[in-house]
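Everything below concerns the one structure shown next.
Protein chains in written order, with the numbering used here: chain F, 29 to 316; chain U, 330 to 675.
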């Protein structure tokens, strides 16, 4: 199902920091406006305390909470919840527009594993994505933790999961010219650290993946391993270096890019649900 | 003194770390020792630079003198810039006597006849290198002093090191002026780039230690020992493997310190080959890749890969050839014929 293009525009092409979130206790959709007011008051109070969050702290922070009804996988999923912090400069409050300074959203895309057996008072939105100053993330996060008794944890992405992502995304059909498929490796423990960027022409990468993948629409661990082994072997043939022994830290394709520190950028609206499904799965395994 | 010159001097002094300002002003020699004594070097840099500007005002500094200070700064902090290497070519074999005055005159003449607004400054250093600073203008605008190009020409060699300004359109003119002034007939850009000017020089002047011609069968002094309390048989096996790797490494890299370069880039246009059993890609066209290695000290980093178990020894010649091929940008194609495993680098 497609998501409202205006909503997706907010989500695409931004670098999101990922967290897993345990279920929210006694979260009520009907009370979004009230929550926004409470969160706004909390932020204002922190500012009063002198915990300056941003340069230009004279600005008022306005909080908006909204539901993204279409952003979910199945009926079992909760609709995504978007939190936006905007500032309006006090200097020109007459007809100036609000400037978005921070956004974060909770979502669940095919998070059935968790939501299936969820007791009534709990809402399952295991994946949280934030964009903006870390200080705001901390404020919003601790308010949610206090209010709904949940727990946020940074979501790291292992090299194995990064491999899975790059294999899946390489295979995606794209209507316009794709950017290169890039894998970035790091070898930190040498006397002088080494970074290796291995970028492959997207058509050639896709051609390779297409011969590896046996069933369209399905991806197996074995296929991902074969694909990566092929790339490692090609590299080894030229440089005699075992890339498999290096640490895969980042993968980039025209569909999305992901960094092992748990930072993701989604570039293509068609594959937004697919990427979120993968990330939801990762978040759930971290919670369980 | 011109306001723009004053501002330029002020900003140049601000760039210098506070405890080096005195030394640099002394090297500059434009302010007298007496004037330097009046400066308080323990105050904020902002104030120091204002005072320096005032003294320069007393001496009526112009842009030419200010440019010399800039060269001195960039000579000391040369590693802040990215340097490209160019090689000039002579038609004949004549060894001409290098006349510095003649060079300067011809260089200036060529540039100024093409571009009215240009600031050219020379400084000769003891290692037979002439540093040239060029600030570029247009027929209608005065030169932009904040984006100059720097040229380092070792005049007993065909090599020129250029740190171009952002305005790349001036490169052809700069190259032309160099060729004309030095009595060569052509100049071409080598595929060699680095922040470390000294390392670039080491590479083209072959001043790093070359590969050993013969190898030693026993480890070189200072070689690490294995941990104690380990099984004797395991130690011996590991040791001979470690020695083998060490020896091969020394063969390809040499035993001395490596020149410092920060990256190497390979554009691969070779075929993808795989185990036929794997039933994967078997295209007749190249598998196009762009590989980029980066490190604060790339060659030492690569040298440590095999001992760390991350690479085979000896390492691929594509990597070990960097210093003696004097390049860090490569385009690799498949070599057709008998040995499909080997590569051609144009």
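Beta carbons: idealized from backbone N, C-alpha and C, even for Gly.
Predicted model, so just to flag it, every value in this text is computed and none were measured.
Approximately 16 angstroms separates the beta-carbon atoms of residue 435 (chain U) and residue 515 (chain U); this is outside 8 angstroms, ruling out the contact. In the DSSP annotation of this structure, the continuous segment of the beta strand (DSSP E) that includes residue 210 (chain F) starts and ends at 209-215. Under a criterion of Cβ atoms nearer than 9 angstroms, the residues of chain U adjacent to residue 262 (chain F) are, in order, 597, 599, 601, 602, 603, 616 and 618. Against chain F, the CB of residue 659 (chain U) has no partner CB under 8 angstroms away; the residue lies outside that interface.
Within chain F, the residues whose beta carbon sits less than 9 angstroms from that of residue 638 (chain U) are 270 and 273, listed in sequence order. At a cut-off of 8 angstroms between beta carbons, residue 258 (chain F) contacts chain U.
The count of Cβ pairs closer than 8 angstroms, one atom from the segment 157-166 of chain F and one from the segment 126-133 of chain F, reaches three, so the stretches are in contact. Of F:217, F:214 and F:209, the smallest CA-CA separation from residue 235 (chain F) is found for F:209. Listed in chain order, the non-local C-beta contacts of residue 518 (chain U) below 7 angstroms within the same chain comprise 413 and 415, local neighbours out to five positions each way being set aside. Across the structure, residue 594 (chain U) and residue 621 (chain U) are spaced so that their CA atoms are roughly 4 angstroms apart. Cβ neighbours of residue 345 (chain U) within its own chain (closer than 7 angstroms, five residues either side excluded): 353 and 402.
Only residues of its own chain outside the window of five on either side were considered, and among them 446, 447, 448, 464, 465 and 466 have a CB closer than 7 angstroms to the CB of residue 472 (chain U), listed in chain order. Taking 8 angstroms as the cut-off, the beta carbon of residue 214 (chain F) is found closer than this to the beta carbon of residue 277 (chain F).
Judged by beta-carbon spacing, residue 284 (chain F) lies within the 8 angstroms limit of residue 294 (chain F), meaning their Cβ atoms are closer than that value. By the Cβ neighbour-count rule, residue 179 (chain F) is exposed, with fewer than 16 other Cβ atoms within 10 Å of its own. At the C-beta level, residue 114 (chain F) and residue 126 (chain F) come within 8 angstroms of one another. With fewer than 16 other Cβ atoms from the protein chains shown falling within 10 Å of its own Cβ, residue 331 (chain U) counts as exposed. Taken through DSSP and simplified to helix, strand or coil, residue 466 (chain U) comes out as coil. Residue 312 (chain F) is positioned such that its CB atom lies closer than 8 angstroms to that of residue 139 (chain F).
Segment contact: the segment 629-641 of chain U against the segment 236-252 of chain F, fewer than three CB-CB distances shorter than 8 angstroms; contact not assigned. In this structure, residue 629 (chain U) lies away from residue 523 (chain U), with their beta-carbon atoms at least 8 angstroms apart. Residue ranges of uninterrupted alpha helix (DSSP H) with 4 or more members, entirely inside the segment 216-247 of chain F and ordered along the chain, are 230-240. In this model, residue 650 (chain U) and residue 100 (chain F) are separated by some 54 angstroms (Cα to Cα). Taking a Cβ-Cβ cut-off of 8 angstroms, residue 150 (chain F) has no neighbours in chain U, whose nearest Cβ is about 46 angstroms from it. Residue 228 (chain F) and residue 255 (chain F) have their C-alpha atoms spaced approximately 13 angstroms apart. The C-alpha of residue 288 (chain F) is placed about 10 angstroms away from the C-alpha of residue 275 (chain F). In this structure, the beta-carbon distance from residue 303 (chain F) to residue 154 (chain F) does not fall below 8 angstroms. Separation of the CB atoms of residue 494 (chain U) and residue 476 (chain U) is rounded to 4 angstroms, and the pair is thereby assigned contact status at 8 angstroms. Between residue 241 (chain F) and residue 251 (chain F), the beta carbon gap of about 6 angstroms places them in contact (Cβ cut-off 8 angstroms). For residue 459 (chain U), the beta-bridge partners assigned by DSSP are U:453 and U:482. Between residue 582 (chain U) and residue 662 (chain U), the alpha-carbon positions lie close to 24 angstroms from each other. Of all alpha-carbon atoms in F:103, F:282, F:109 and F:61, the one lying nearest the alpha-carbon of residue 194 (chain F) is that of F:282. Three or more Cβ pairs drawn from the segment 40-59 of chain F and the segment 137-151 of chain F lie within less than 8 angstroms of each other, which places the two stretches in contact. Residue pairing of residue 49 (chain F) in beta bridges, as defined by DSSP: F:180.
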